[in-house]
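Chains as they are written, first to last, in the working numbering: chain A, 2 to 135; chain B, 28 to 205. C-beta atoms are modelled at their ideal positions from N, C-alpha and C, and glycine is treated no differently. In this text the structure is predicted, and so the values were computed from the model without any measurement. Notes for the one structure printed next.
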C-alpha cells in the first residue's frame, strides 16, 4: 500500500464516476426511474467484470466476509432514499465538489453528520453485532 | 456536462479501478468506511500507536499470516489520500469536459425535482444524513457493498444493493410525482 497507488486509483475513481454520469443528479434520477439504462448497465457490467477480475487475483486479496445483520437491509433502504434525494452516494459527494458544485457541501455535511450520529444511535437502540468496534 | 461514457467504457473503468486497487493493495476500498474512520480519528490514532508499539516489540515474529493481516486496518492517512484524489478526479473530469468553474447548482433536473434555495439545501442535508446513516447501518455503500461485495457474491452485499437500489427507485418515482 503506497500513497502513490492510493492517489492514482482515487483519481481514476473520481474521474470515471464523473465521466460516467454518477455525479449528475439528472442522470442518476433517470437511472432510478428506468428512463435510461446506460448507468444500470454500467453498474452491472462493472460488478461482473470485477467479479471475474477478483477471481483472477484471488490468491492475493485479503478480504473479510461482509456480515449480514439487521442493519443491512434497513440501512440500505435509508441510504437509497438519501441517494435519490441528493443524487449522491458517499464517494459522489466528493466528486461533485471536485466538479465545483457548491451544493455538494450540504450533501457532504449531511453525510458526515449521519455517519457521526449512527454509532450513537446504535449504542443506544440497536442490539445486533455489526462486526466492528466503531 | 454531457457526452457521458458508454456503458462498457464505464464498466471497464470501474472494474479496472476495483481490481487494480485490490491487486496492488490486497484490499477493497469503501468511502463510507473512510468517513467513519476519519470521524473516529482519536480512536484511530490510539489504535495506530498500539499497533506500532506491538509491531516493534514483536519484530522477531515472521510476517503475520494472511488472516491476521486482513484484520489489521490500513492507516487512515491512506483513506484520506484516496478521498482527496477522488476530489481531484472530479476536477480533472470537469477540465476534460471543458466545464470548469464553481457552480451553485446541481443541474436543471435537481432544481425541477427537489427545488432551489434553502429548502433544497435542507433536502441535501437531510438526504446526506440518510446516506451517511444508512451506509454505516448497512456496513457499506456502493463501493463496498455494491461493487466489491456483489462481485464477491456476498449475501449481505447482494441484499444491501437490492435494498438501496429499490429504495432509490421508489424515492425517485415519488420525487417525480410531485
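Residues of chain A with a Cβ closer than 9 Å to the Cβ of residue 115 of chain B are, in chain order, 8, 11, 12, 15, 16, 99.
For residue 44 of chain B, the enclosing alpha helix (DSSP H) begins and ends at 34-52. Check the Cα spacing between residue 72 of chain B and each of B:34, B:104, B:41, B:30: the tightest is with B:104.
Exposed is the label assigned to residue 77 of chain B, since fewer than 16 other Cβ atoms lie within 10 Å of its Cβ.
The three-state reading of DSSP puts residue 31 of chain A in helix, counting H, G and I together. Note on residue 122 of chain B: under 16 other CB atoms within 10 angstroms of its CB, so exposed under the neighbour-count rule. Among the bridge pairs identified by DSSP, residue 102 of chain A is matched with B:130. When DSSP states are grouped into helix, strand and coil, residue 143 of chain B belongs to the coil group. Cβ-Cβ distances below 8 Å link residue 107 of chain B to 61, 65 in the same chain, with the five nearest sequence neighbours on each side left out; the list follows chain order. In this structure, residue 176 of chain B keeps its C-beta atom at 8 Å or more from the C-beta atom of residue 83 of chain A. Beyond the five residues adjoining it in sequence on each side, residue 68 of chain A comes within less than 6 Å, by CB distance, of 132 in the same chain, given in chain order. Residue 52 of chain A is a Cβ neighbour of residue 178 of chain B, given a cutoff of 8 Å. No residue range can be given for residue 31 of chain B, since it is assigned to no alpha helix (DSSP H) and is classified by DSSP as neither H nor E. Boundaries cannot be given for residue 129 of chain A, as no alpha helix (DSSP H) includes it and DSSP labels it neither H nor E. Residue environment for residue 100 of chain A: buried (at least 16 other C-beta atoms within 10 angstroms of its C-beta). Spanning the alpha carbons of residue 36 of chain B and residue 147 of chain B requires a straight line of approximately 33 Å. In this structure, B:46 is the residue among B:68, B:185, B:159, B:46 with its C-alpha nearest to the C-alpha of residue 54 of chain A. At a cut-off of 8 Å between C-beta atoms, residue 117 of chain A counts as an interface residue with respect to chain B. Among the CB atoms of chain B, one or more fall inside 8 Å of the CB of residue 103 of chain A. Burial is judged here by how many other beta carbons sit within 10 angstroms of a residue's own beta carbon; residue 80 of chain B has fewer than 16 and is exposed.
Collapsing the DSSP output to three states places residue 67 of chain A in coil.
Apart from the 5 residues on each side of it in sequence, residue 43 of chain A sits with its Cβ closer than 6 Å to the Cβ of 21 in its chain, given in chain order. Not one beta carbon of chain A lies nearer than 8 Å to the beta carbon of residue 82 of chain B. If you ignore the 5 residues before and after residue 68 of chain B, its C-beta comes within less than 8 Å of the C-beta of 103, all in its own chain and listed in chain order. By the Cβ test, the region 79-96 of chain A is in contact with the region 189-202 of chain B, since at least three Cβ pairs between them sit closer than 8 Å. Selection A:25, A:66, A:94 evaluated against residue 182 of chain B yields A:66 as nearest (Cα-Cα). Here residue 107 of chain A is not near residue 140 of chain B, since their CB atoms are 8 Å or more apart.
In the displayed model, residue 73 of chain B falls within a helix according to three-state DSSP. Counting along the chain, the unbroken alpha helix (DSSP H) around residue 182 of chain B starts and ends at 182-204.
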